[in-house]
Amino acid sequence: MVMITMILTQVAESPWYINHAWELILALLAFLKVVVNLVPSDKPREVFGILDKIVNALVPDRLKK
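Anchor point for the sequence shown: position 16 equals 438 in this note's numbering, and the numbering is continuous, going up by one each time.
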């Protein structure tokens with residue numbers, strides 16, 4: 423019984439970066455958007471636009487009704 427309890431507590435105690443993976447991904451995308459907007463070329467903007475569309479498909483914007 424003690425062994426099962428130890429296994430369950432180890433599963434529940436994930437590292438912080440696993441528990442906050444979506445927040446880290448969104449923060450990374452926000453940082454990349456700032457960097458891409460500072461680059462004078464248009465090619466990185468096109469690539470980030472595709473990534474932005476993918477993220478918007480997964481997590482749509484909230485719209486007030």
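For each residue, glycine too, the CB sits at the ideal point set by N, CA and C.
The model shown is predicted, which means the values in this text are computed figures rather than measured ones.
Practice task
Throw me the rounded Cβ distance for the Leu-448 and Tyr-439 pair, which I believe falls under 8 Å.
Solution key: The residue given as residue 448 occupies position 26 in the sequence shown. The residue given as residue 439 occupies position 17 in the sequence shown. Cβ atoms of Leu-448 and Tyr-439 stay farther apart than 8 Å, at about 14 Å.
Handout entry: His-442 versus Leu-451 - alpha carbon distance
Key = Position 20 of the sequence shown, counted from the first residue, corresponds to residue 442. Position 29 of the sequence shown, counted from the first residue, corresponds to residue 451. Going by C-alpha positions, His-442 is about 14 Å away from Leu-451.
Exercise for the section: Alpha carbon to alpha carbon, how far is Val-458 from Pro-466? Give it in angstroms, no decimals. Expected result: Numbered from 1 along the sequence shown, position 44 holds the residue referred to as residue 466. Numbered from 1 along the sequence shown, position 36 holds the residue referred to as residue 458. Whole-angstrom Cα-Cα distance: 6 Å.
Exercise for the section: Using the Cα positions of Arg-484 and Ser-463, report the straight-line distance between them to the nearest angstrom. Expected result: Counting from one through the sequence shown, the residue named residue 484 turns up at place 62. Counting from one through the sequence shown, the residue named residue 463 turns up at place 41. Each residue's Cα considered, the two are about 31 Å apart.
Practice task
Return yes when the Cβ of Leu-480 is within less than 9 Å of the Cβ of Leu-454, no when it is not.
Solution key: Counting from 1 along the sequence shown, the entry for residue 454 is found at position 32. Counting from 1 along the sequence shown, the entry for residue 480 is found at position 58. Not a contact, by the Cβ cut-off of 9 Å.
Practice task
Please work out which residues of its chain come closer than 8 Å, Cβ to Cβ, to Glu-468, disregarding the five sequence neighbours upstream and downstream, and give them in chain order.
Solution key: For the purposes of this step, residue 468 is taken as the residue at position 46 of the sequence shown. Nothing listed; no residue qualifies.
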